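Asks: Chains as they are written, first to last, in this note's numbering: chain A, 1372 to 1917; chain B, 1266 to 1755. Where a beta carbon is used, it is the ideal one built from N, C-alpha and C, also for glycine. Source: prediction; values computed, not measured. One structure follows; several queries about it will come next.
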């Protein structure tokens, strides 16, 4: 049996060890790499021990934290979070392993390692938390390390980017905190007990007005993280200014929390509000897919280009989740993983280019295949994976999402969803598919302009422009292999997400039907099998309007 | 009135602090140097802490003292503990600070104890007269402490403003007491006022008296619009005294308000309704936190910024007081936990502020803090943790305190707007707290950092950071203490 607490503790202990280690700068990175490796090993054990037939949370750790307030230290893993945990530990390990993680900065590697490890603990905790209080604590724990990573090791405009990142993120998460507190009081009013337990919260249906407000508060927090157009403006700044390691973690893992939170909390807690606002969010997602692709096309800064391609790719995730069918959500989850690998790899590649040439302008490159053939091959795989070439990881997710969206109308009817999520799913699928072509265009042009053509610029012939070193080869070997395996054999991944997604969609359908049937009901508990169950102990008149 | 031995024992923490304060004053005139008075004061604090613990273990029920002038209960003992620890921390920081800046007086130590004794009287008070005596003892000692740094012109200015406005506030308190006394038929004990309140609630003079008392107390916690003295007094005072004002004195005043509002004026006719203090205090809470945070944005001086931050925190605390008036579940323990977390954080922050300055170079501007993380990484990290606690970012005590208070307020639908406003206020506050972090971590040092070796400051800083983190990560013990119980689990 694996212990999830340990998974969280290892990075934290590693961070403390790095902090107090008397040898300082020189040993900090190796200690960090070992801690990240242990963490990666543990998450592999979690995958091994995971029972794919169970949809609910597994390997639960449930200890009282503050019992009088109903706060429990409750962790668990299910099909939705399982692979994201592995992605987190893998990308943190690769980041620490990569020599370019701190960008061009060569000093303060001790603080950098501490920040990355604390960030890892926060990310893992957020994915694993089953208690809403614990979730919020871990969610906020991610903020400060990332702020430091951008602010200390970032580029010229790092202060601006760092504070923008913090303000955007905090606007969302503080409103979410208010909504969490409101729900917490409502859950108490309905069930008579103070609890932050996820399973209990997912059975509470709020009255209409408060439900919509709380949904918007949660969704704002998540949509800023994704980010969804028009809330994306912090992302290009953060990505461009962040050091390579920061960009990799930001793209590969942090952005996933938006989609993850939306799927895990916003949909199950507020079924009716989600269904009512789904058309708007779906159109924003598609707008983001196309807008991101178009913006990426016209960028001259490679890092900004990859950042905008992120906006585009994550639109697919949101669209897939909103389709609320097995195909769509599983595709969305797969797309999150694939985007983590491919975009993480692209940011690493950009980091290596920047390290060699000290520029990120497309027009400064050209003909780099000659001095850097190994890099060229690895970069190519990442580019193709990102463009969604069949056989690589990017294809599976995008295909499932598009298929799911295209057939959504039929799926909704077949599964008995009380109302369609949004109109014209086929149109949306068509528009999104158009962006896949755009992605191929901008990604391949970029690759061509960087790697091919004559090696005519003298700076590119400098001996400084050398091929991958040993550690870089190791990092890219892992990424290329993962992209290939995920593309060739996606089934083991999909298998393990199936049960949880099924449970989530079934619960959603049930609760949406109940909410639509009682449009002006008070706050109530809705449990499958016994609709509108409300214990007699609940105080009367608790469902006053907001 | 009988004075039984049991009552003396019950009040032993308060009596010890008062007595040791007097002895320290005497000792200072007789002994050579300042050290004996300092040591006596510190030992007195430790002894009083033990006495608090002894009382806590000894009795579970509350005990009226001296015909209901004072009360000894778990809440008072909890706040006694916070106040004494604040005093001890102030003594530990003040001694090296005064030595560095060459204005060491032995009376200083006695005055810290007198201010603390006044504060303890306030949280024990269940009678308007004992409240008044406590407030005045505390304030008079504080005026002197603010003015004690005679070479500092800002100190005299701050002290004068503090004294004048404080005297004004005292006037409000006395006048309010007189009106309440007259309209309730000669009642000054909280229980007596509460018993007559239902009948007197229609009497405009009684309501005026209640609001006069409230105004006097709001002066003391520096609520908007009665906050004008605070930035000047905080800036002018020697930094350890500023720490004491922001922690101990604020804790005592809020504790006094909890008692006054929670018992004497808890009557629904007085609390709720159109002109009830719940609504009024809700508006003041909003104004206080918003104005405090907005004004803090523009400060370049760290002490002034922290003064406005302290005003903003008074606003958050008043949300708890408003929740208390709505009689929701857990408002009082929430306030106590918030106060404990806030006091620990503030003491730590002002310790760092006291630490950075050397003689004739206080380094009070934010830009003076540039690059601290390079040469003093441990202090910079500690300061960051403390600032995040002030901003209410988990996993710190400041976050947990806020969460607990907001939880209380959220139970009443009328207060949801205040919680949302408070949450958005924290966003504003993050911006200015992070300005200090930016200077410490992201900027290059402009001037060399000279270490200020002081064991006392190091101890205070270490303990406060540990406490702040512990309150955020394992809040269970303090939650159980604040709820009036014994700690059962760690």
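Using a Cβ cut-off of 9 angstroms, pull out every chain A residue sitting near residue 1703 of chain B, in sequence order please.
Replies: 1522, 1530, 1533 and 1534
Asks: Beta-carbon within less than 6 angstroms of residue 1660 of chain A's beta-carbon, same chain only, minus the 5 sequence neighbours each way: which residues are those?
Replies: Same-chain partners within the cutoff: 1683, 1686, 1803 and 1806.
Asks: May I ask you to verify whether the region 1843 to 1860 of chain A touches the region 1405 to 1412 of chain A, counting CB pairs closer than 8 angstroms and requiring at least 3?
Replies: no
Asks: Could you say if the region 1643 to 1663 of chain A and the region 1562 to 1575 of chain A meet the contact criterion of at least three C-beta pairs nearer than 8 angstroms?
Replies: With a cut-off of 8 angstroms on Cβ pairs, the region 1643 to 1663 of chain A is not in contact with the region 1562 to 1575 of chain A, counting fewer than three such pairs.
Asks: Figure out for me which residue from B:1460, B:1437 and B:1426 has the closest Cα to the Cα of residue 1473 of chain B.
Replies: In terms of CA proximity to residue 1473 of chain B, B:1437 leads the group B:1460, B:1437 and B:1426.
Asks: Closest Cβ-Cβ distance between residue 1676 of chain B and chain A: below 7 angstroms?
Replies: yes
Asks: Short of 7 angstroms Cβ to Cβ, which residues in the region 1548 to 1568 of chain A face chain B?
Replies: 1548, 1549, 1552, 1553, 1555 and 1556
Asks: With 7 angstroms as the threshold, decide whether the Cβ of residue 1439 of chain A is near any Cβ in chain B.
Replies: It does: the Cβ of residue 1439 of chain A has a partner Cβ on chain B nearer than 7 angstroms.
Asks: Between residue 1400 of chain A and the rest of its own chain, which residues show a CB-CB distance below 7 angstroms, the 5 nearest in sequence each way excluded?
Replies: 1467, 1480 and 1484
Asks: Mind checking residue 1470 of chain B: buried by the 16 CB within 10 Å criterion, or exposed?
Replies: exposed
Asks: What does a CB cutoff of less than 6 angstroms around residue 1788 of chain A pick up in its chain, not counting 5 residues either side in sequence?
Replies: Here the set comprises 1880.
Asks: If you pair each beta-carbon of the region 1437 to 1449 of chain B with each one of the region 1474 to 1484 of chain B, do three or more pairs fall below 8 angstroms?
Replies: yes
Asks: In chain A, what lies closer than 7 angstroms to residue 1698 of chain B by C-beta?
Replies: The premise fails here: residue 1698 of chain B is roughly 11 angstroms from chain A at the closest Cβ pair, so nothing lies under 7 angstroms.
Asks: Are the C-beta of residue 1742 of chain B and some C-beta of chain A separated by less than 7 angstroms?
Replies: no
Asks: For residue 1591 of chain A, would you say it is in contact with chain B, using Cβ-to-Cβ distances shorter than 7 angstroms as the test?
Replies: no
Asks: So residue 1511 of chain B packs on residue 1640 of chain B, CB below 8 angstroms; how close in whole Å?
Replies: About 27 angstroms separates the two Cβ atoms, so there is no contact after all.
Asks: Where do the N-terminal and C-terminal ends of the alpha helix (DSSP H) with residue 1862 of chain A fall, by residue?
Replies: 1862 to 1888
Asks: Which runs of the alpha helix (DSSP H) at least 4 residues long sit entirely within the region 1730 to 1791 of chain A? Give them in chain order.
Replies: 1744 to 1758, 1764 to 1777 and 1779 to 1786
Asks: Counting Cβ pairs closer than 8 angstroms, one from the region 1615 to 1623 of chain B and one from the region 1496 to 1513 of chain B, do we hit at least three?
Replies: yes
Asks: Since residue 1592 of chain A and residue 1546 of chain A are thought to touch, with beta carbons under 8 angstroms apart, how far apart are those beta carbons, to the nearest angstrom?
Replies: 7 angstroms
Asks: Let's see if you can read the secondary structure: which residues bound the alpha helix (DSSP H) around residue 1416 of chain A?
Replies: Counted as a single uninterrupted DSSP element, the alpha helix (DSSP H) harbouring residue 1416 of chain A occupies residues 1396 to 1420.
Asks: Tell whether a beta-carbon distance below 7 angstroms holds between residue 1572 of chain B and residue 1496 of chain B.
Replies: Residue 1496 of chain B sits close to residue 1572 of chain B, with the two beta carbons spaced by under 7 angstroms.
Asks: Smallest Cα separation from residue 1352 of chain B: which of B:1335, B:1340, B:1305 and B:1322?
Replies: B:1305
Asks: When every heavy atom of the ligand SAH is checked, does at least one fall within less than 6 angstroms of the C-beta of residue 1802 of chain A?
Replies: This structure simply doesn't include the ligand SAH, nor any ligand for that matter.
Asks: Report all residues from its chain with a CB closer than 7 angstroms to the CB of residue 1718 of chain A; omit the five preceding and five following residues, and keep chain order.
Replies: 1615, 1618, 1619, 1622 and 1677
Asks: Could you confirm whether any beta carbon from chain B is found closer than 7 angstroms to the beta carbon of residue 1389 of chain A?
Replies: No, because no Cβ of chain B sits closer than 7 angstroms to the Cβ of residue 1389 of chain A.
Asks: Using a C-beta cutoff of 7 angstroms, does residue 1581 of chain B count as contacting chain A?
Replies: no
Asks: Once DSSP output is grouped into helix, strand and coil, what is the label at residue 1471 of chain A?
Replies: coil
Asks: Are the C-beta atoms of residue 1603 of chain B and some chain A residue less than 7 angstroms apart?
Replies: no
Asks: Quick one: is residue 1705 of chain A buried, meaning 16 or more other Cβ sit within 10 Å of its Cβ, or exposed?
Replies: Label assigned to residue 1705 of chain A: buried.
Asks: Taking the C-alpha atoms as reference points, what is the distance between residue 1892 of chain A and residue 1644 of chain A?
Replies: 14 angstroms
Asks: Any beta carbon from chain A within less than 7 angstroms of residue 1688 of chain B's own beta carbon?
Replies: yes
Asks: Could you have a look at residue 1390 of chain B and say whether DSSP puts it in helix, strand or coil?
Replies: strand
Asks: Quick check: the Cα distance between residue 1916 of chain A and residue 1875 of chain A, rounded to an integer number of angstroms?
Replies: Low local confidence applies: a pLDDT of 36 at residue 1916 of chain A is under 50, so the model's placement there is unreliable, and no value is given.
Asks: Please check the pair residue 1637 of chain B and residue 1714 of chain B, which I expect to be a contact at CB under 8 angstroms, by giving their CB distance rounded to whole angstroms.
Replies: 6 angstroms
Asks: Mapping DSSP to helix, strand and coil, what is residue 1445 of chain A?
Replies: strand
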